[in-house]
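Please read the structure below before turning to the comments.
2 protein chains.
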Amino acid sequence: MPARSLDRSLIRGLDIFASMQEDDLEAVLEGASARQVPAGTPVFEQGAEAREFFLLLHGHLKVVQTTPDGQQVVVRHVNPGDIYGIAKALRRTDYPATSIAVVDSLTLAWPSSRWDPLVARNPVLATNALQTVGQRLQDAHARIRELSTEEVERRVAHAVLRLVQQAGRKTEEGVLIDFPVTRQDIAEMTGTTLHTVSRVMSAWEAKGLVASGRKRIVVLDPHRLVALADAAE
Amino acid sequence: MPARSLDRSLIRGLDIFASMQEDDLEAVLEGASARQVPAGTPVFEQGAEAREFFLLLHGHLKVVQTTPDGQQVVVRHVNPGDIYGIAKALRRTDYPATSIAVVDSLTLAWPSSRWDPLVARNPVLATNALQTVGQRLQDAHARIRELSTEEVERRVAHAVLRLVQQAGRKTEEGVLIDFPVTRQDIAEMTGTTLHTVSRVMSAWEAKGLVASGRKRIVVLDPHRLVALADAAE
DNA sequence: CGGTGCCTTGAGAATTGTCAACCGCTGTGG
DNA sequence: CCACAGCGGTTGACAATTCTCAAGGCACCG
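Chains H and G, in that order, give the protein sequences.
Everything in the first sequence is counted per the UniProt record's numbering, starting at 1 for the first residue and increasing by one.
Everything in the second sequence is counted per the UniProt record's numbering, starting at 1 for the first residue and increasing by one.
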């Protein structure tokens, strides 16, 4: 499906296209195609040749690295409006990770070969991409800091709060994380095991901090969870 | 000290200035000043206003984040030719970490305000910076993967090998890491304690893998160390 | 030659992982 | 429509890794 026919309101106002001319934006979209991604389906896979780069319009993806011995690590989540899979811009020929839809999603895709001409015509694109990647680098450093210095409970608290920020939806009960998340997912985000995550969250449940069930997490008392994440004890 | 007087051979051939015109390069250097940084001295400090960005000409820096409770994490090392402290390009007003010289070093510095005009005149700069930051993001993800899935000994092995790659110098004995590194430094790179690092390296010493002493590490058998880092024992 | 900084090593404790068993949804096919 | 398979979750017991606390030694600098 060509992207021209897309609702412009989806596109305008995305960070990556900030301060671009109307007709330049049209030209950018010219080269894109839109694609439906059912939940559980990969958009691209680790090690595959990086033929395309992407922009998420709707839904949620997780980006996962798999170690040689099969363990998985969730590198980050992709939210609507994010660009991803821009391996070519980083001078890589293959994707360093796999991206999988966690809910039914809609993405734009451009051929990787389009990146250089696009940037040539719209230098602001490189600047915006630099800011985006820079933000991700800082997020990554924050996670390194957490993994290095915090114990499991605080890491899990940070991970849950990050999910709340990215996909929190207010309900009567509290803040619901608006896509399916398993204990295993949280474990892969925090460098621990699903068993430990389960124990931690059971304890929180007993204290009235969260309510959770199958693939579902509701934060009942964000304030106390923040306190737990930030301070010791 | 103005940068104009610098030896051009130091500058030419740096990744960040790849495919720039001669006179553009001159203009870039116009705005820079050179600065001597004695070992142990910070170039900039975490939380300070980001007035400048930098390029390392000679020496080695470590980039450190300090947690609220005083623990330190080594985020990365800066090698000659690297740009660093480009907080403004990432739309930050302050530095997210402290950078400290580990040996006497020489750096160029530009006022942060110069970044935007420089990029406007030399769009390739943004592209090159994007690649650099992209590479760092991948390095950071690799570390996240290690911290999440590997146990201490392998993490330390990876850290030492990374140092070898960045600053290894062949000697008769083996490969010397060419700047002072303490057990504490390695601990801050791998998310463990100096005690555990000391034990691990003592064991390696006994097996003839490395020779190490005060602030000094020589890898005697890189091949076996790689094997240790990659495979599960 | 004294002091400070870096390194080593031991003993015991704490966190977290491993192994195992079991529960209860959920959704699918007969 | 019901039964059942399979996935996700929970919990206990135990083991292992790693940290904490403590003491002491050695090398380098002033």
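The C-beta atom is built at its ideal place from N, Cα and C for all residues, glycine as well.
Taking Cβ-Cβ distances shorter than 7 Å, what residues in chain G pair up with residue i?
i        : result
H/Pro123 : Pro123, Ala126
H/Val73  : Ile144, Arg145, Ser148, Thr149
H/Gln129 : Per the sequence shown, the amino acid found at residue 129 of chain H is Ala instead of Gln. Under the 7 Å cutoff, chain G gives Leu130.
Please name the residue in the options whose C-alpha comes closest to that of residue i.
i        : options                                : result
G/Lys170 : G/Lys207, G/Val218, G/Arg114, G/Ala187 : G/Val218
H/Asn128 : H/Val152, H/Tyr95, H/Ser148, H/Ala89   : H/Ala89
H/Arg76  : H/Arg216, H/Asp139, H/Arg154           : H/Asp139
G/Leu106 : G/Gly191, G/Leu137, G/Asp82            : G/Asp82
H/Leu176 : H/Leu56, H/Val210, H/Asn79, H/Ser99    : H/Val210
G/Lys215 : G/Val160, G/Thr192, G/Asp221           : G/Val160
G/Glu49  : G/Met189, G/Gln184, G/Thr98, G/Gln131  : G/Thr98
G/Pro180 : G/Met201, G/Val103, G/Arg121           : G/Val103
G/Ala32  : G/Val164, G/Ser112, G/Gly47            : G/Ser112
G/Pro68  : G/Pro96, G/Arg91, G/Asn79              : G/Pro96
H/Gln135 : H/Val43, H/Ile16, H/Phe44, H/Glu45     : H/Ile16
G/Lys62  : G/Glu150, G/Ala126, G/Glu205, G/Pro42  : G/Pro42
H/Asp116 : H/Met189, H/Ala142, H/Ile86, H/Arg162  : H/Ile86
G/Leu10  : G/Gln21, G/His58, G/Gln36, G/Ala206    : G/His58
H/Glu151 : G/Gln184, G/Gly191, G/Phe54, G/Gln166  : G/Gly191
G/Val78  : G/Asn122, G/Val133, G/Ala120           : G/Val133
G/Ala229 : G/Val197, G/Arg154, G/Leu194           : G/Arg154
G/Gly174 : G/Arg183, G/Thr182, G/Val164           : G/Val164
G/Ser212 : G/Arg199, G/Arg224, G/His223           : G/Arg199
H/Gln36  : H/Glu26, H/Glu45, H/His60, H/Asp221    : H/His60
H/Leu25  : H/Leu225, H/His223, H/Val119, H/Ala187 : H/Val119
G/Glu188 : G/Gln72, G/Gly13, G/Arg224             : G/Gln72
G/Leu55  : G/Leu225, G/Gln46, G/Arg12, G/Asp94    : G/Arg12
H/Val74  : H/Ile186, H/Ser202, H/Arg224           : H/Ile186
H/Thr196 : H/Arg183, H/Pro222, H/Gln65, H/Leu14   : H/Arg183
H/Thr66  : G/Glu205, G/Ala142, G/Arg114           : G/Ala142
G/Ala206 : G/Thr193, G/Leu220, G/Leu194           : G/Leu220
G/His223 : G/Pro80, G/His158, G/Arg8              : G/His158
Can you pull the chain H neighbours of residue i, defined as C-beta to C-beta under 7 Å?
i        : result
G/Gln65  : His141, Arg145
G/Ile119 : Strictly speaking, residue 119 of chain G in this sequence is Val, with Ile absent from that position. The contacting residues are Thr127.
Please compile the residues from chain H whose C-beta is within a distance smaller than 9 Å of the C-beta of residue i.
i        : result
G/Gly168 : Within chain H, no residue comes near G/Gly168; the closest Cβ sits about 23 Å away, beyond 9 Å.
Assuming residue i and residue j are in contact, meaning their beta carbons sit under 8 Å apart, how far apart are those beta carbons, in whole angstroms?
i        : j        : result
G/Leu147 : H/Ile144 : 7 Å
H/Ser19  : H/Val124 : 6 Å
H/Ala39  : H/Leu108 : Incorrect: roughly 18 Å between the Cβ atoms, too far for contact.
G/Gly47  : G/Asp94  : 6 Å
H/Ala27  : G/Ala126 : With 8 Å as the limit, H/Ala27 and G/Ala126 do not qualify as a contact, their Cβ atoms being about 19 Å apart.
H/Ser131 : G/Arg91  : For clarity, residue 131 of chain H is Gln in the given sequence; the question names Ser instead. Right, their Cβ atoms sit about 5 Å apart.
H/Glu52  : H/Trp110 : 6 Å
G/Leu137 : H/Leu29  : That belief does not hold up - the Cβ atoms of G/Leu137 and H/Leu29 are roughly 26 Å apart, past 8 Å.
Using a beta-carbon distance cut-off of less than 7 Å, what residues from the stretch 134–149 of chain G approach chain H?
-> Listed in sequence order: Gly134, Gln135, Arg136, Leu137, Gln138, Ala140, His141, Arg143, Ile144, Arg145, Leu147, Ser148, Thr149.
Using a Cβ cut-off of 9 Å, which residues of the stretch 86–115 of chain G contact any Cβ in chain H, in chain order?
-> For the stretch 86–115 of chain G, the set of residues with a beta-carbon nearer than 9 Å to any beta-carbon of chain H comprises Ile86, Ala87, Ala89, Leu90, Arg91, Arg92, Pro96, Ala97, in chain order.
4-residue-minimum alpha helix (DSSP H) runs that sit fully inside the UniProt domain "HTH crp-type" (150–223) of chain G, ordered along the chain | Unbroken alpha helix (DSSP H) stretches of 4 residues or longer found wholly inside the UniProt domain "HTH crp-type" (150–223) of chain G: 152–167, 183–190, 194–207, given in chain order.
For the UniProt domain "Cyclic nucleotide-binding" (16–101) of chain H, which segments carrying the alpha helix (DSSP H) assignment without a break, of at least 4 residues, lie completely within its bounds, in sequence order?
-> Runs of the alpha helix (DSSP H) inside the UniProt domain "Cyclic nucleotide-binding" (16–101) of chain H: 22–30.
Taking only beta carbons into account, state which residues of the UniProt domain "HTH crp-type" (150–223) of chain G come closer than 7 Å to chain H, listed in chain order.
-> Of all residues in the UniProt domain "HTH crp-type" (150–223) of chain G, only Gly191 come within less than 7 Å of chain H when Cβ atoms are compared, listed by chain position.
Ordered list of alpha helix (DSSP H) runs contained in the stretch 107–152 of chain G, each at least 4 residues | Within the stretch 107–152 of chain G, the complete alpha helix (DSSP H) segments at least 4 residues long are 115–121, 123–149, listed from N- to C-terminus.
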